[in-house]
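Each position in the sequence shown, counted from 1, maps to that position plus 6 in the numbering used here. For glycine and all other residues, C-beta sits at the position ideal for the given N, C-alpha and C.
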Amino acid sequence: MDDVGQGRLLIVEDNRSLRESLREVFLADGFLVDEAADGQSALQLLDRLQYDVIITDIKMPNVGGIEVLRGAKAVNSSTVVIVMTGYGTVESAVEAMKLGAFDYLQKPFPLEELRLRVTKGLKVLSWERELTYLRGERNIIYEFDNFVGESPRIREVFRTLKKIARSNASILITGETGTGKELVAGAVHYSSPRAGGNFVKVNCAALHENLLESELFGHEKGAFTGADKQRVGRFEQAHRGSLFLDEIGDMALSTQAKLLRVLQGKEFERLGGNRTIKVDVRIISASNKDLAAAVAEREFREDLYYRLNVVTIRIPALRERREDIPLLADYFRKKFSGDLKKRVTAIAPAAINLLNRHHWPGNVRELENCIERAVLMCEGATIRPEDLLLGGEATGAGGAEETVFRLPPGGITLAEMERRLVIESLEMCDWVQKDAAGMLGISRRVMNYKVRQYGLSNPRWIKNR
Ligand SMILES: Nc1ncnc2c1ncn2[C@@H]1O[C@H](COP(=O)(O)OP(=O)(O)OP(=O)(O)O)[C@@H](O)[C@H]1O
Ligand SMILES: [Mg+2]
Numbered sequence: 007m008d009d010v011g012q013g014r015l016l017i018v019e020d021n022r023s024l025r026e027s028l029r030e031v032f033l034a035d036g037f038l039v040d041e042a043a044d045g046q047s048a049l050q051l052l053d054r055l056q057y058d059v060i061i062t063d064i065k066m067p068n069v070g071g072i073e074v075l076r077g078a079k080a081v082n083s084s085t086v087v088i089v090m091t092g093y094g095t096v097e098s099a100v101e102a103m104k105l106g107a108f109d110y111l112q113k114p115f116p117l118e119e120l121r122l123r124v125t126k127g128l129k130v131l132s133w134e135r136e137l138t139y140l141r142g143e144r145n146i147i148y149e150f151d152n153f154v155g156e157s158p159r160i161r162e163v164f165r166t167l168k169k170i171a172r173s174n175a176s177i178l179i180t181g182e183t184g185t186g187k188e189l190v191a192g193a194v195h196y197s198s199p200r201a202g203g204n205f206v207k208v209n210c211a212a213l214h215e216n217l218l219e220s221e222l223f224g225h226e227k228g229a230f231t232g233a234d235k236q237r238v239g240r241f242e243q244a245h246r247g248s249l250f251l252d253e254i255g256d257m258a259l260s261t262q263a264k265l266l267r268v269l270q271g272k273e274f275e276r277l278g279g280n281r282t283i284k285v286d287v288r289i290i291s292a293s294n295k296d297l298a299a300a301v302a303e304r305e306f307r308e309d310l311y312y313r314l315n316v317v318t319i320r321i322p323a324l325r326e327r328r329e330d331i332p333l334l335a336d337y338f339r340k341k342f343s344g345d346l347k348k349r350v351t352a353i354a355p356a357a358i359n360l361l362n363r364h365h366w367p368g369n370v371r372e373l374e375n376c377i378e379r380a381v382l383m384c385e386g387a388t389i390r391p392e393d394l395l396l397g398g399e400a401t402g403a404g405g406a407e408e409t410v411f412r413l414p415p416g417g418i419t420l421a422e423m424e425r426r427l428v429i430e431s432l433e434m435c436d437w438v439q440k441d442a443a444g445m446l447g448i449s450r451r452v453m454n455y456k457v458r459q460y461g462l463s464n465p466r467w468i469k470n471r
């Protein structure tokens, strides 16, 4: 695994001896150092990697330091960029500062001076990160921008979201576990006129009946045994904002009745209190159960169902929108290579193939966990099939009934079975023999032998030659 110690640092400088002495200094300080001898290659690196610190010369042939700065800021606005200016490039220094450079140094300068500024820059960066986190993490999390997907079915969800976000209508979000219901609920709130108010979440499955009621409506001191303090309920906290009732299908019938009364009258009393409290709250609820079926079974009140369900958003399962798998996988790869500070720049085609075939019962959450693990496990810069640990279940595509290990009623010869497995593994790996061999646990040479034995060929092999 990469050990990034102090952080990831890029030196962009066309003068080789200066570049090398800078490298020595920062390597000794514990940075993971990359170098670029010109702006062009710096931009190429920036396409793939994120840096904590970039030290760049201003004046370089073709692509100059200003462009490197622009590129760096576009990738990650919090990267600390320090520019080095030569004689007569003071205007550029001013421009660089305007564009968001952290500092500049005029050549020649003592290396000690540069080290100090880098340290200072990193300190400011860590404060900034802390502040962003404290201030508005939720805003960052819930923007529509972070909702990845381009499949027709997800676009449909987007269209509905955009239409209803501005209204006050109650929304019911349904979908299997891990499909993104909470993410969508947040997106609805933060793109609504209520964005300035609170987005308050209550998990109806996590709390027992009485506790859930006091959670929702609050209680007065002494309302019940153990109520030693007054408590403001979630409804009050969500005033002028939105209340997200997660797992609403698990709410007890008696609580459902109380909730319905509040929704109808827009007012309620705290448990054990007699003061009527008026609230203005938009309800967003979610369930991974089929609520209509629960209504039919009399487990869920029909009148409440209609009140919650003015608009339904059904988020399709991941296997119903397989086009989004590679997009999401790449999104999570970037996210975790940033979070874990590991240089993982790609997912091998054979690995993508495996992802595309998996059944994903846990939907996007499962994919997210899978990629996080893969980023953690993978040894090079590319996620390989074996990093995904999806192994045996990978035949879930379309119909799991095609499981290759089932013996046909009329029997099959071992040789024929082997031939089919070889072909299937090649198909799964885009006909890359090395990867297919890996899937079958045989060497590349044995795979090549089998290919010739069974007379297999593929246009790709000819193209690549
Ligand atoms: N389209 C998407 N783009 C990016 N991230 C997503 C997307 N959909 C889901 N996620 C991520 O997947 C994880 C699971 O999503 P979320 O918690 O919203 O699912 P859920 O439907 O509420 O699941 P559960 O029913 O288990 O509560 C979260 O980390 C979320 O950020
Ligand atoms: Mg959820």
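The beta carbon of M103 sits closer than 7 Å to the beta carbons of Y110 from its chain, once the five residues preceding and following it are set aside; these are given in chain order. Going by beta carbons, A300 and T185 fall outside the 8 Å limit.
With a threshold of 7 Å, the Cβ atom of R371 counts as near ligand 1, since some heavy atom of the ligand is closer than that.
Between the alpha carbons of E182 and K341 lies a gap of roughly 24 Å. In terms of side-chain proximity, the C-beta atom of V154 is found nearer than 7 Å to a non-hydrogen atom of ligand 1. Excluding residues up to 5 positions away in sequence, V381, L382 lie with their Cβ nearer than 7 Å to the Cβ of L346 in the same chain. G224 sits in a strand when the DSSP states are folded into three classes. In the three-state reduction of the DSSP assignment, I358 falls in the helix class. The DSSP-derived three-state label of Y196 is helix. If you ignore the 5 residues before and after R390, its C-beta comes within less than 7 Å of the C-beta of A354, A357, C384, all in its own chain and listed in chain order. Comparing alpha-carbon positions, the option among A292, E226, N369, L310 lying closest to V190 turns out to be A292. Put simply, the backbone Cα of I283 is about 23 Å away from that of H195. Between V86 and G127, the C-beta gap is smaller than 8 Å, which places the two residues in contact. Annotation: R320 to N204 spans about 24 Å, alpha carbon to alpha carbon.
Counting only heavy atoms of ligand 2, the residues whose C-beta sits closer than 7 Å to one of them are, along the chain, K187, E188, D252, A292. Contact between R327 and S176 is ruled out by a C-beta separation of about 26 Å, above the 8 Å threshold. Counting every other CB atom within 10 Å of its CB across the protein chains shown gives Y311 a total of 16 or more, marking it as buried.
Setting aside the 5 residues that flank it on each side, I88 is surrounded in the same chain by V59, I60, I61, T62, A107, F108, D109, Y110, L111, L120, R123, V124, G127, each with a C-beta closer than 8 Å to its C-beta; the list follows chain order. Considering only L51, V206, G224, the residue with the shortest C-alpha distance to L15 is L51. K207 has F250 as its beta-bridge partners, per DSSP. Under a 10 Å Cβ-count criterion, I331 is classified as buried, with 16 or more other Cβ atoms of the shown protein chains found around its own Cβ. Under the DSSP assignment, F274 falls in the beta strand (DSSP E) whose first and last residues are 273-275. Here DSSP, grouped into helix, strand and coil, assigns M90 to strand. Annotation: A43 is outside any beta strand (DSSP E) and is labelled neither H nor E by DSSP. Here A380 carries a helix assignment [DSSP, helix/strand/coil].
S220 and L277 do touch by the CB rule: their CB atoms are close to 5 Å apart, below 8 Å. Under DSSP, L15 shares a beta bridge with V39, V59. Contact between V74 and G45 holds, with the beta-carbon distance rounding to 5 Å and staying under 8 Å. Taking C-alpha positions only, E303 is separated from F250 by approximately 24 Å. The residues P391, E392, in chain order, have a CB closer than 7 Å to that of G444 in the same chain once the five nearest residues on each side in sequence are set aside. From the listed residues I179, A212, A244, the smallest Cα separation to G224 is found for A244.
In terms of side-chain proximity, the C-beta atom of N294 is found nearer than 7 Å to a non-hydrogen atom of ligand 1. Shortest Cα-Cα distance from R246 to any of A201, A212, E374 involves A201.
Non-local beta-carbon contacts of I429 in its own chain, meaning distances under 7 Å to residues more than five positions away in sequence, involve L462 in chain order. Rounded to whole angstroms, L131 and F241 show a C-alpha spacing of 38 Å.
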